[in-house]
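K.L.:
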Amino acid sequence: MREERGQVAGDVLVYEEYTLWGSVGGNVRVIERGKFYLRGAVYGNVEVEYGGRCHIFGRVAGKLTIHRGAKVIHSGVLAGDAVNLGGRLYVDHAAQIHGDVITKKGETTIQPKPGASARRDMDRRRERGRD
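When the letters of the sequence shown are read in order and numbered with this note's numbering, they come out as residues 4 to 134.
1. Between V27, G61, H96, E35, which lies nearest to Y46 when the distance is taken from Cα to Cα?
2. Would you mind sorting H96 into buried or exposed? The rule is 16 or more other CB atoms within 10 Å of its CB.
3. Tell me whether K38 counts as near the ligand HEM, meaning its Cβ is closer than 6 Å to at least one heavy atom of that ligand.
4. Just the C-alpha distance for L23 and G118, rounded to the nearest angstrom, thanks.
5. As an exercise, report each continuous beta strand (DSSP E) stretch of at least 3 residues that is fully enclosed by the stretch 20-74, in chain order.
6. Just the C-alpha distance for E19 and K116, rounded to the nearest angstrom, thanks.
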């Protein structure tokens, strides 16, 4: 297992278990057997290929791409789009995605925000005139 706490200039290829507490000034590519835990920031795109795993707790300034056979859990902040091309994408209720979530293939699960159903029920009652 590798763990970094500083700044990495340029692109990063993840092929083993790797935890980043700092930042990457480029793109990150996670390949087969790679497990990437982002607790800092990536100032580029994150691409997860077949057999790769990724858990985003931090911030991604670019786009997130999930290929067939990849698994991603997103709990942080994503400035771009999340594009699922055949893998598994799970978006935690605490996550923020400022772009679009696009599922071309694969399985995408977006956990609802806590209290979202209660707010919907209150709105429906108000529409019917029952406060």
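Ideal Cβ positions, reconstructed from N, Cα and C, are used throughout, including at glycine.
P.N.:
Answer, in terms of the structure:
1. Residue V27 holds the alpha-carbon nearest to the alpha-carbon of Y46 among V27, G61, H96, E35.
2. H96 comes out exposed.
3. In terms of ligand content, the structure shown is empty, and the ligand HEM therefore cannot be addressed.
4. In a straight line, the C-alpha of L23 is about 32 Å away from that of G118.
5. Runs of the beta strand (DSSP E) lying entirely within the stretch 20-74, each at least 3 residues long, are 20-23, 31-33, 38-41, 49-51, 56-59, 67-69 in chain order.
6. One C-alpha to the other measures close to 32 Å.
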